[in-house]
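Trainee: Under this note's numbering, the letters of the sequence shown match residues 11 to 859, in that order.
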Amino acid sequence: MSPAFDQHSSPALRDYVARAGSRDELAQLLTGHDLRGFTPDFIEVDASGWQQRQHSLSSLVRSEAITYGGSSGSHVAKPWSLDVVPFIMSSAEWTKLQAGLRQRAELLNAILADLYGPRRLLHSGVLPSELVLAHSGFLPAADGITLPGHHQLTVVATDLIRGGDGSWTAISDRTGSPSGLGYAMANRRMVARVLDDDYRHVPIHRLRGFFDQLRVALEDTLPEQSDSPRVVILSSGTTAETAYDQALVAMLVGYPIAQPGDLEIIDGHLRLRTIGRGRPVNIVHRRLDAEYADSLDLRSDSLLGIPGLLQATRRHRVSVANHLGSGVLENSGLLAYIDRIAHFLLGESLKLATAPTWWCGDPDGLSYVTSHLDSLIIKPISRTTEMHAIPVWLLDDRGRSELLAKIATEPWRWTAQRYLEPSTVPVVEGGSLRPHPMVLRTFGVADGVSYSFMPGGLARVASTTGQWNITNSSGASSKDVWVLESDRQEPRRAQPSALRPVRAAPAATAVGLPPSAAENLYWLGRYAERAEMTSRVLKVSEQLIADNLDRPDTPGHSAMLTMVRALSVIAGIPSDSAGEGSDEQRDRLLPYVRRLLVDQTSRGAVAHAVDHMSVCAANARALLSGDTFAILDALNAVLRTARRDEDLCAVQPVINEALRSMLAFAGVANESLVRDTTWAFVEAGRRVERAQITVQLLRQTVAWVTGPITEATLSESVLEAGDSVITYHRRLAAGVGALVPAEATLELLLLDAANPRSVRYQLDKLVQALAFAPAAQVDEAANALVSAVRQVGPSQLAGSEREPARVLLDQLDSGLRGLSELIEQAHFPAQPPAIWFAVPERSEDSYGY
11 MSPAFDQHSS PALRDYVARA GSRDELAQLL TGHDLRGFTP DFIEVDASGW QQRQHSLSSL
71 VRSEAITYGG SSGSHVAKPW SLDVVPFIMS SAEWTKLQAG LRQRAELLNA ILADLYGPRR
131 LLHSGVLPSE LVLAHSGFLP AADGITLPGH HQLTVVATDL IRGGDGSWTA ISDRTGSPSG
191 LGYAMANRRM VARVLDDDYR HVPIHRLRGF FDQLRVALED TLPEQSDSPR VVILSSGTTA
251 ETAYDQALVA MLVGYPIAQP GDLEIIDGHL RLRTIGRGRP VNIVHRRLDA EYADSLDLRS
311 DSLLGIPGLL QATRRHRVSV ANHLGSGVLE NSGLLAYIDR IAHFLLGESL KLATAPTWWC
371 GDPDGLSYVT SHLDSLIIKP ISRTTEMHAI PVWLLDDRGR SELLAKIATE PWRWTAQRYL
431 EPSTVPVVEG GSLRPHPMVL RTFGVADGVS YSFMPGGLAR VASTTGQWNI TNSSGASSKD
491 VWVLESDRQE PRRAQPSALR PVRAAPAATA VGLPPSAAEN LYWLGRYAER AEMTSRVLKV
551 SEQLIADNLD RPDTPGHSAM LTMVRALSVI AGIPSDSAGE GSDEQRDRLL PYVRRLLVDQ
611 TSRGAVAHAV DHMSVCAANA RALLSGDTFA ILDALNAVLR TARRDEDLCA VQPVINEALR
671 SMLAFAGVAN ESLVRDTTWA FVEAGRRVER AQITVQLLRQ TVAWVTGPIT EATLSESVLE
731 AGDSVITYHR RLAAGVGALV PAEATLELLL LDAANPRSVR YQLDKLVQAL AFAPAAQVDE
791 AANALVSAVR QVGPSQLAGS EREPARVLLD QLDSGLRGLS ELIEQAHFPA QPPAIWFAVP
851 ERSEDSYGY
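#1: Rank Glu229, Asp255, Gln256, Arg696 by C-alpha distance to the C-alpha of Asn292 and give the top, closest one.
#2: Tell me, which residues are paired with Pro99 by DSSP?
#3: So which of Val616, Phe675, Ile703 has the shortest CA-CA distance to Val664?
#4: Can you give the Cα-Cα distance for Val435 and Ser245, rounded to whole angstroms?
#5: In the DSSP assignment, the alpha helix (DSSP H) including Leu157 goes from what residue to what residue?
#6: What does a CB cutoff of less than 7 Å around Thr284 pick up in its chain, not counting 5 residues either side in sequence?
#7: Can you give, in chain order, each stretch of the alpha helix (DSSP H) that sits fully within the stretch 381 to 457 and has at least 4 residues?
#8: So is Leu70 in contact with chain C if we call contact Cβ pairs under 9 Å?
#9: What residue ranges within the stretch 95 to 152 form continuous alpha helix (DSSP H) runs of no fewer than 4 residues, ordered along the chain?
#10: From Pro577 to Ala528, what does the alpha carbon distance come to, in whole angstroms?
#11: Given 8 Å as the limit, is there contact between the stretch 421 to 433 and the stretch 358 to 373, that is, 3 or more CB pairs closer than that?
#12: Since Gln113 and Phe463 are thought to touch, with beta carbons under 8 Å apart, how far apart are those beta carbons, to the nearest angstrom?
#13: Decide yes or no for the touch test of the stretch 536 to 555 against the stretch 647 to 658: beta carbon pairs closer than 8 Å, at least 3 of them.
#14: DSSP state of Lys88, grouped into three classes?
#15: Leu645 and Val625: beta carbons closer than 9 Å?
#16: In whole angstroms, give me the CA-to-CA distance for Thr564 and Ala752.
#17: CA-CA distance, Leu673 and Asn765?
#18: For Ser671 and Ile641, what's the separation of their Cα atoms in angstroms?
#19: What did DSSP end up calling Ser462 once you bin it into helix, strand or coil?
#20: Look at the Cβ atom of Gly343, then the Cβ atom of His133, and state whether they are nearer than 9 Å.
#21: Taking 9 Å as the cut-off, decide whether the C-beta atoms of Tyr254 and Ile76 are in contact.
#22: Between the Cα of Thr185 and those of Arg741, Leu319, Thr572, Val338, spot the shortest distance and give me the residue it belongs to.
#23: Do the stretch 483 to 495 and the stretch 792 to 809 meet, that is, are 3 or more Cβ pairs less than 8 Å apart?
#24: Can you look up Asp183 in the DSSP assignment and give me helix, strand or coil?
#25: From Ser66 to Arg203, what does the alpha carbon distance come to, in whole angstroms?
#26: Report the rounded CA-to-CA distance for Arg309 versus Phe639, giving the unit in angstroms.
#27: Applying the 10 Å Cβ sphere with the 16-neighbour rule, what's the burial state of Asp311?
#28: Have a look at Gly828, Met195, His279 and flag the residue whose alpha-carbon is nearest the alpha-carbon of Val263.
#29: Please report how far the alpha carbon of Pro562 lies from the alpha carbon of Leu599, in whole angstroms.
#30: Report the residue from Ala808, Arg327, Ala322 whose alpha carbon sits nearest the alpha carbon of Gln235.
#31: Buried or exposed for Glu693, please, with buried defined as at least 16 other CB atoms from any protein chain shown within 10 angstroms of its CB.
#32: Given a cut-off of 9 Å on the beta-carbon distance, is the pair Asp93 and Val437 in contact?
#33: When the distance is taken between beta carbons, is Ala331 closer than 9 Å to Thr231?
#34: In chain order, what residues of the same chain have a beta carbon less than 6 Å from the beta carbon of Gly441, not counting five sequence neighbours either side?
#35: Go through its chain and collect everything with a Cβ distance to Gly42's Cβ below 8 Å, but skip five positions before and after it.
#36: On the DSSP letters alone, give me the boundaries of the alpha helix (DSSP H) that Asp349 sits inside.
So this is what it looks like as C-alpha cells:
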C-alpha cells in the first residue's frame, strides 16, 4: 500500500494500492465496480479541488450547527467533523455484509431474550455465569421483562473494520442506546449538497426509508393493553454528547424529545408533562444509559431517573426500547464465546467474522493473554469512563507489570482482543489526500421477524494515519457512506399500510409541548431580544461617545454619560464613566463598549446572550427552522472575528451585523413557526425582554427632567435605540404628540398601542401569546400590567417633573420581573442542577477499539 495519494490519484477510491496501473484498474481491483456514472469532475479533480470542497463542507456543517459534545452555559458543543470524500461500497459487497449483520442481530436478540428469560446459556455452561453477572449492563431488576412482538432488541449497531483483503470483521456491538443514526443522515445531507451532481446521478441507496422502519419498529413494541402508540425519545438534553444526533432522529421520526423532568409515573402509568395538561406515553425510545433511567429500582443516586419506570415496564404499561437490560450485550467478553453461542441458539456458524477475543476469567484465555500481550488490546468487560481499552504494545515494562497485576487481581473483569489493522480511506488533510484508518458503524432495526439495515452506516476515520483507536474523544472525523445500487430501484421502505394511522389534531394546540422544550423556547426568545436591544443601546451609546467624548461640560457630553449609565443598568455590568478628562474616560468607555459587545463571559453582553441563544436553540432543535442555526452561525463568526480584533473603535460594523442577524431571527420566528405553543413561548420571551429593557432605558433617561438641549439629544438617542425615531419626526411634523421631546418619547415608547416598539404593544402581544398556555396567576398578572398602562394618559406622564412616569416605570419593571417568575413557576418544573446531566454516555462515544 502506498503511503499517500499523490495529486493525480482518484479520490473516489477507498484504499491505496501502489501496484495498480490505471485509475479504472484500481477502481475495479478495490471496489468491484468501475466509475461509470460518476461525473468526470468527481473522478479527475485533484487534491486542491477536494480541499476547496472540504472547506465548503466545513462551512456548511457550521452553518447547520451540526455538533458533537454537550452544551452547558457558555460552553457550546464542537462542530461535527466530516470529510468530503465519501466511502464507496459496491452493491455486491453490501449485500454480503448485510446478510452477516442480519444474522448477528438475530443472534444478539436471542441472547438478550435468553439472559432475561430462561438463561439456557448459563445453565448449560455455554456462557460462564460470572462473565454475565459481573457486567454492569446486566440488570437483575429487569429479569423477566419482555417487549411485545418478535424482538427484545429494537435497534442494534455493530462496529466493523475491513482488512486489506476486503473482508469485514466485527469488533464490538452497541445495543444499549446506539448513537450515530442522526449523524449518518446529517453526513448524507451535507455531502450531497457539496457533491450534488454526483449524488443526483449516481445510483446510491438512499437513507430515508430506514427511519420509516425505525418508526414502525418502535410502534411494534406497543403494549397490548394500549390502543395507539404514543412515543417519546428520552434524552438528557442538550448537554448530552450526541444531542444533535438525537434531535435529528426526533425530526425524522416525528416524535418529541422528553427530558426526564418532563416525564412522571402517575397511578402506574407514564405521562408526559405538557403545557396545559399531561399526556399518556406508552413507548419510550431510550437515549440514555439504562441504569440511570429509574432512581427507584436501578440507581438510587440518579437524578435522571423516572421513579417507577421499570415497574411500569414490567406491568406492560409502557415499552422501553432498547430493552432496559440490553446493555449486557455490549459485554466484550461475549465475543470470546460468540461462535459457541451461535451454534447453541441458532444452530449455525456466523457469516460475519468476529475479532479473536479471550476472556481472562477463563484459565486458558488468561494463559493465552499473558503469553501474547504484544498483539493484544486489553479491554474491561464493562465500558466505563475510568477504564478504557489499552494497547499493550504501547506500554513500557512498568505499565505492563501494573496491567498484569490488575488482571491477576480480578481476571473476570478483563478481556483481550487481537488488534486487527483497519484498512485506510482517503482523507482531505493539509491540501492533500492522505490514508487514515477507518471503522464502520452499521445500524439495524427490527423488521418483522428479522432486521433491516441502513445502507452503509456511519464511517469514522482516525485523526492521524497511525492511530489505533478511532473515537470521538480522540478527534476522529466521519464520512458519508455510499452504497451503490445494482440497479436504479430504491431499497424497500416501510409501506404506508404498515404505518399506524395518525389522527389529525383538531387544533394546533393539540400537539403537546414538554416543559423543558417550552423553557428553552422562552429563553431563546428572551436571549434573542436581549442581544438585539443591547446592540441597539450599544449602537447609540457608541455614537454619543464618538461625538461627545472630547467635549466635556456640554449637553452632548451629559447625554453621553446618561446613556452609558442606562446601558450599564440594562446590561447589569457597572461602568465607571467618571473621570476628570476625556483621555481618562476614553480609556474606560471604549473598552467597556467593546466588552459589552464581544465578551462571552460577561452576563449582559451581546456575545453572552448569543451563546445562550445557541444553547437554547440546540435544545429545541427539533422544533425550529434550520434557518435559525444558519443565522446564529453567521453571527457567532462575526463575534469571533471581533474578539480577535484589538481595535476599540471598530465596533459599529459588528453592532450592525448583530442587529441584522437578530432581525433575521425575528423574521424566522415570526414567519416560520406555527401559531401554537412553540411560537407562543418564543414570542412571550421576546415580548417580556423587550418590555423590560425598554422600561429600564426610559427609567434611566427621559423619565428625568434635565436641560432642554441635553433632553433633546438624549430623546433622539432613546428613540433611535427604540427604532422609533422616524415615527417621532413624522408626528412632530404633523403636530401630533407632546412638544417636549422627552415627553413625546415617553408617550411613543411607553403608551402607544400602535408602536411595535412600545411597552404597551409588548404587553398586548404578550397576553395574546400567553393565551396558548393559559395559567390563572400568569394571566392575572399580565392583564394587571396592561391595565396599569392603559389607565395612564400622555398628559399624566409630564406632571411633577415626570414623577408619575417614574412611578409607572417602576411598577412595570417590578411587575414584569414578577410575571416572568410566574411564567417559569407555572410552566417550567424545577429541574435538578446542571450536574445531573453529567452522566457517562458509555454507549455513545467510542467507535471501534
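We put the beta carbon where it would ideally sit given N, CA and C, even for glycine.
Note that this is a predicted model, so its numbers are computed, not measured.
Mentor: The short version:
#1: Here the question's residue 292 lines up with position 282 in the sequence shown. Asn292 has its Cα closest to that of Glu229, out of Glu229, Asp255, Gln256, Arg696.
#2: By 1-based counting over the sequence shown, the position of residue 99 is 89. One detail in the question is off: residue 99 reads as Met in this sequence, not Pro. Looking at the DSSP assignment, Met99 forms a beta bridge with Val493.
#3: Residue mapping note: residue 664 aligns to position 654 of the sequence shown, counting from 1. Selected option, being the one with the closest Cα: Val616.
#4: As a position in the sequence shown, residue 435 is number 425, starting the count at 1. As a position in the sequence shown, residue 245 is number 235, starting the count at 1. The alpha-carbon atoms of Val435 and Ser245 are separated by roughly 33 Å.
#5: By 1-based counting over the sequence shown, the position of residue 157 is 147. No alpha helix (DSSP H) holds Leu157; DSSP gives it neither H nor E.
#6: To locate residue 284, count along the sequence shown from 1; it is residue 274. Only Gly522, Leu523, Pro524 meet the Cβ criterion.
#7: 407 to 419
#8: The chain inventory of the structure shown lacks chain C, comprising one protein chain alone.
#9: Segments of the alpha helix (DSSP H) lying fully in the stretch 95 to 152: 101 to 125, 130 to 133, 139 to 143.
#10: Position 567 of the sequence shown, counting from 1, holds the residue named residue 577. Position 518 of the sequence shown, counting from 1, holds the residue named residue 528. With the sequence shown as reference, residue 577 is identified as Leu, and Pro is not the correct amino acid for it. Distance between the alpha carbons of Leu577 and Ala528: 30 Å.
#11: Below 8 Å, enough C-beta pairs join the stretch 421 to 433 and the stretch 358 to 373 to call them touching: three or more.
#12: Translated into positions along the sequence shown, residue 113 becomes position 103. Translated into positions along the sequence shown, residue 463 becomes position 453. Rounded, the Cβ-Cβ distance is 12 Å, inconsistent with contact.
#13: no
#14: Against the sequence shown, residue 88 aligns to sequence position 78. Three-state DSSP puts Lys88 in a strand.
#15: To locate residue 645, count along the sequence shown from 1; it is residue 635. To locate residue 625, count along the sequence shown from 1; it is residue 615. No, Cβ-Cβ distance for Leu645 and Val625 is not below 9 Å.
#16: The residue labelled residue 564 in the question sits at position 554 within the sequence shown. The residue labelled residue 752 in the question sits at position 742 within the sequence shown. One C-alpha to the other measures close to 18 Å.
#17: Position 663 of the sequence shown holds residue 673. Position 755 of the sequence shown holds residue 765. If you take the alpha carbons of Leu673 and Asn765, they lie about 17 Å apart.
#18: Working through the sequence shown from its first residue, we reach residue 671 at position 661. Working through the sequence shown from its first residue, we reach residue 641 at position 631. The alpha-carbon atoms of Ser671 and Ile641 are separated by roughly 6 Å.
#19: Numbered from its first residue, the sequence shown carries residue 462 at position 452. The answer is strand: DSSP assigns Ser462 an E or B state.
#20: The count along the sequence shown starts at 1 and reaches residue 343 at position 333. The count along the sequence shown starts at 1 and reaches residue 133 at position 123. No, these two residues do not count as a Cβ contact at 9 Å.
#21: Here the question's residue 254 lines up with position 244 in the sequence shown. Here the question's residue 76 lines up with position 66 in the sequence shown. Yes, they are a contact pair.
#22: Position 175 of the sequence shown holds residue 185. Selection Arg741, Leu319, Thr572, Val338 evaluated against Thr185 yields Val338 as nearest (Cα-Cα).
#23: The stretch 483 to 495 vs the stretch 792 to 809: no contact.
#24: Working through the sequence shown from its first residue, we reach residue 183 at position 173. Reduced to three states, the DSSP call for Asp183 is strand.
#25: As a first step, residue 66 is located in the sequence shown; it is residue number 56 there, counting from the start. As a first step, residue 203 is located in the sequence shown; it is residue number 193 there, counting from the start. Between Ser66 and Arg203, the alpha-carbon positions lie close to 10 Å from each other.
#26: One-based indexing of the sequence shown puts residue 309 at position 299. One-based indexing of the sequence shown puts residue 639 at position 629. Counting only the Cα atoms, Phe639 lies some 37 Å from Arg309.
#27: Numbered from its first residue, the sequence shown carries residue 311 at position 301. Answer is exposed; the Cβ neighbour count stays below 16.
#28: One-based indexing of the sequence shown puts residue 263 at position 253. Answer by Cα proximity: Met195.
#29: As a first step, residue 562 must be located in the sequence shown, where it is residue number 552. As a first step, residue 599 must be located in the sequence shown, where it is residue number 589. Cα to Cα, the separation comes out at about 14 Å.
#30: The residue labelled residue 235 in the question sits at position 225 within the sequence shown. For Gln235, the nearest C-alpha among the options comes from Arg327.
#31: Along the sequence shown, read from residue 1 onward, the residue named residue 693 stands at position 683. Buried.
#32: In the sequence shown, residue 93 corresponds to position 83, counting from 1. In the sequence shown, residue 437 corresponds to position 427, counting from 1. In this structure, Val437 lies closer than 9 Å to Asp93 by Cβ.
#33: Here residue 231 corresponds to residue number 221 of the sequence shown, with the count starting at 1. Here residue 331 corresponds to residue number 321 of the sequence shown, with the count starting at 1. For the 9 Å CB-CB criterion, Thr231 and Ala331 form a contact.
#34: Translated into the one-based positions of the sequence shown, residue 441 becomes position 431. Excluding residues within five positions, the ones whose Cβ falls inside 6 Å are Gln61.
#35: Reading the sequence shown from its first residue, position 32 is the one you call residue 42. Confidence in Gly42 is poor, its pLDDT being 38 and thus under 50, which makes the residue's placement too unreliable to answer from.
#36: Within the sequence shown, residue 349 is the residue found at index 339, counting from 1. It spans 348 to 355 - the alpha helix (DSSP H) in which Asp349 sits, taken as one unbroken run.
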